[in-house]
Amino acid sequence: MELEVTVPEGTCRALAYPPLVGRPEPGDEVLLNTTALAMGLGTGGYAMVVAVPNRLPEDPEGPGHLVKARYTPMQATVLGADEQDSPFHELLREADSLDGMPVVVADLHSALPPILCGMRPRPRVAYVMLDGGALPAWFSMACAKLREIGWLAGVVTVGQSFGGDVEAVTTHTGLLAARHVLEADVAIVTQGPGNLGTGTRWGFSGVSAGEAVNAAAVLGGRPVAALRISEGDRRERHIGVSHHSLTAYGRVALTPAQVVVPELPGEFGERVRDQAELLAVRHELVSVPVDGLYEALLDSPVKLSTMGRGLEEDLAYFLASAAAGRHAITLLD
603 MELEVTVPEG TCRALAYPPL VGRPEPGDEV LLNTTALAMG LGTGGYAMVV
653 AVPNRLPEDP EGPGHLVKAR YTPMQATVLG ADEQDSPFHE LLREADSLDG
703 MPVVVADLHS ALPPILCGMR PRPRVAYVML DGGALPAWFS MACAKLREIG
753 WLAGVVTVGQ SFGGDVEAVT THTGLLAARH VLEADVAIVT QGPGNLGTGT
803 RWGFSGVSAG EAVNAAAVLG GRPVAALRIS EGDRRERHIG VSHHSLTAYG
853 RVALTPAQVV VPELPGEFGE RVRDQAELLA VRHELVSVPV DGLYEALLDS
903 PVKLSTMGRG LEEDLAYFLA SAAAGRHAIT LLD
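Spelled out as structure tokens, the structure:
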């Protein structure tokens with residue numbers, strides 16, 4: 603829940619997750635963590651409520667012994683779909699196949715809405731959220747809206763992320779839960795809101811996209827790699843095909859995927875196609891037209907934004923994601 607909190611410097615916006623910290627009410631004193639706010643992080647702008655000292659949450663009651671955010675003051679106990687007390691344990695105990703389900707993998711959380719915009723007609727889709735960005739799925743207002751209107755059948759939180767409709771221990775069991783518990787036709791895998799980068803070849807949280815390709819392939823899914831493409835980023839390493847995509851898919855992904863290359867016009871489109879060729883050593887490059895996708899993106903039920911840039915400021919990014927969604931639909935036949 604979003605709050606307005608009075609601090610010595612004035613007022614600030616804050617977020618509280620009642621299951622973890624208690625439910626604040628007007629007039630309550632709260633303990634705040636203002637790190638992200640002070641650093642001006644891209645996913646910041648909020649102080650985080652650590653506790654409502656006079657209104658603590660109820661102690662967790664079973665079933666469920668899967669602990670996430672382990673050995674931190676905010677660790678939470680949840681019921682994992684794959685653990686013994688789960689009603690889905692027997693379903694997942696010997697589960698070993700995604701039955702050819704398309705799995706769209708992307709670097710950033712902001713790719714989730716445009717990937718869905720590209721899916722016409724829209725199948726039953728599950729979102730598998732990795733733990734490279736925000737850990738609570740509750741932080742994503744886009745997820746909440748997409749779930750509410752039925753664009754998502756559910757959210758599966760894996761690794762140290764939590765708060766989804768379904769919890770799972772690993773990316774592998776998260777994908778299996780998407781298929782067999784949520785009965786998804788297609789899964790989309792990205793990290794949660796936010797990401798961490800250092801300007802180095804390997805030091806970014808999006809390497810998990812390559813690992814997700816491996817997980818989808820080893821389970822008999824059909825991995826579809828969405829390229830991170832930008833024409834509006836001011837950093838040269840992200841212009842055209844981002845070095846994140848080239849490293850995650852070109853070096854980390856050890857199994858073949860279908861890499862979607864959007865048919866963008868002009869010199870920029872040529873640049874993207876030339877850069878994508880570096881991935882053809884291991885993967886199948888699939889050229890996908892983008893006609894009609896701009897109109898589909900305009901109809902997005904949630905705000906489209908990546909790194910502070912909207913649809914018009916970085917159209918190529920959103921078209922590339924939507925093209926991946928468009929291609930995934932063709933695999934359902």
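Numbering (my numbering), first residue to last: 603 to 935. All residues carry an ideal CB built from backbone N, CA and C; glycine is no exception. Values in this document were obtained by computation on a predicted structure and should not be read as measured data.
Endpoints, the beta strand (DSSP E) within which residue i is located
i, result
"V663", "In the sequence on display, residue 663 carries Glu and not Val. Run containing E663: none; DSSP gives neither H nor E here."
"P864", "Q860 to P864"
"P825", "R824 to A828"
"S650", "Rather than Ser, the amino acid found at residue 650 in this sequence is Met. Segment A649 to A653, the beta strand (DSSP E) holding M650."
Burial state of residue i (16 or more Cβ within 10 Å)
i, result
"Y919", "buried"
"T613", "exposed"
"W740", "buried"
"L856", "exposed"
"D787", "buried"
"G735", "buried"
"A780", "buried"
"I831", "buried"
"I751", "exposed"
"A877", "Here residue 877 is Gln; the residue named in the question, Ala, does not match the sequence. Buried is the call here."
"Y619", "buried"
"P864", "buried"
"V632", "buried"
"P715", "buried"
"P738", "buried"
"Q686", "exposed"
"S807", "buried"
"L798", "exposed"
"R928", "buried"
"H667", "exposed"
According to DSSP, residues forming a beta bridge with residue i
i, result
"E886", "Q860"
"I831", "V843"
"G612", "V609"
"T759", "M731 and E769"
"G682", "E769"
"F870", "Paired residue(s): none; F870 is not in a bridge."
"E604", "L617"
"L633", "A653"
Residue i - containing alpha helix (DSSP H), residue span
i, result
"M676", "Here M676 belongs to no alpha helix (DSSP H), and DSSP marks it neither H nor E."
"L694", "H691 to R695"
"E750", "M743 to E750"
"V623", "P620 to V623"
"L639", "T637 to M641"
The ligand COA heavy atom lying under 6 Å from the CB of residue i
i, result
"R672", "In the structure shown, the ligand COA is absent, as is every other ligand, since no ligand is present at all."
When the options are compared against residue i, the one with the closest alpha-carbon
i, options, result
"G766", "D733, D787 and N797", "D733"
"G822", "P704, V680, V609 and R830", "P704"
"L899", "R884, F870, T759 and G720", "G720"
"P689", "P665, D701 and E611", "P665"
"E604", "E611, P610 and L617", "L617"
"D901", "A926, L718 and R830", "L718"
"A683", "D935, R853 and L693", "L693"
"A710", "N816, E872, V809 and V654", "Note that residue 710 is Leu in the sequence shown, not Ala. The residue with the shortest Cα to Cα distance from L710 is V809."
"V760", "M743, T772, L754 and R749", "T772"
"A697", "G927, R836 and V820", "V820"
"L887", "V862, G871 and E897", "V862"
"I931", "L634, A638, V874 and P825", "P825"
"G796", "R749, H840 and M731", "M731"
"T637", "E631, M909 and A649", "A649"
"D893", "E813, E915, P867 and R884", "P867"
"L634", "S907, P655 and G871", "P655"
"E663", "Y673, R625 and A678", "A678"
"V727", "L681, H774 and V783", "V783"
"A770", "S742, E914 and L681", "L681"
"L748", "L906, T775 and L895", "L906"
"V609", "P621, D630, A814 and R839", "D630"
"L818", "H691, T775 and H846", "Sequence inspection shows Ala at residue 818; the Leu mentioned does not correspond to that position. Cα-wise, what sits closest to A818 is T775."
List in chain order: all unbroken beta strand (DSSP E) runs of 3+ residues lying wholly within the stretch 705-738.
Scanning the stretch 705-738 from its first residue to its last, the whole beta strand (DSSP E) runs of 3-plus residues come out as 727-732.
Jot down the residue ranges of each uninterrupted alpha helix (DSSP H) in the stretch 775-820, minimum 4 residues, whole runs only, in chain order.
810-820, all fully within the stretch 775-820.
Whole runs of the alpha helix (DSSP H) within the stretch 878-933, excluding any shorter than 4 residues
Here the runs fully enclosed are 895-900 and 917-932.
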